[in-house]
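S.K.: Numbering (this note's numbering), first residue to last: 90 to 177.
Before we start, here is the structure in question, set down as structure tokens.
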């Protein structure tokens with residue numbers, strides 16, 4: 090355990106980074122679950138030849154798109170937290 094303020098701040102921001110990683114892990118699991126369900130229920134609409142076409146089709150589903158956007162936001166916040174950590 091760090092004894093000074095700088096060390097404690099670094100520990101805290103390391104924890105922030107770990108929490109963002111945990112969040113991304115669960116968001117990705119959620120995206121996988123939604124994708125599998127959509128492809129099973131409506132394969133003609135969501136199962137495509139390439140990964141890019143599949144992703145574009147999945148992005149038309151609002152819940153998938155919302156979770157994907159949340160992930161982008163979390164990645165941005167994680168980047169900011171890492172910059173703060175590096176500057177301490």
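Virtual Cβ for every residue (Gly too), placed ideally from N, Cα, C.
State yes or no: is the C-beta of residue 120 within less than 7 Å of the C-beta of residue 163?
M.R.: No, Cβ-Cβ distance for residue 120 and residue 163 is not below 7 Å.
S.K.: For the alpha helix (DSSP H) that contains residue 119, what are its first and last residues?
M.R.: From DSSP, the alpha helix (DSSP H) with residue 119 extends over 94 to 130.
S.K.: With C-beta atoms as the reference, is residue 127 less than 7 Å away from residue 135?
M.R.: Cβ distance < 7 Å, so residue 127 and residue 135 count as in contact.
S.K.: For residue 106, tell me which candidate among 168, 95 and 176 has the shortest Cα-Cα distance.
M.R.: The shortest C-alpha separation from residue 106 is found at 168.
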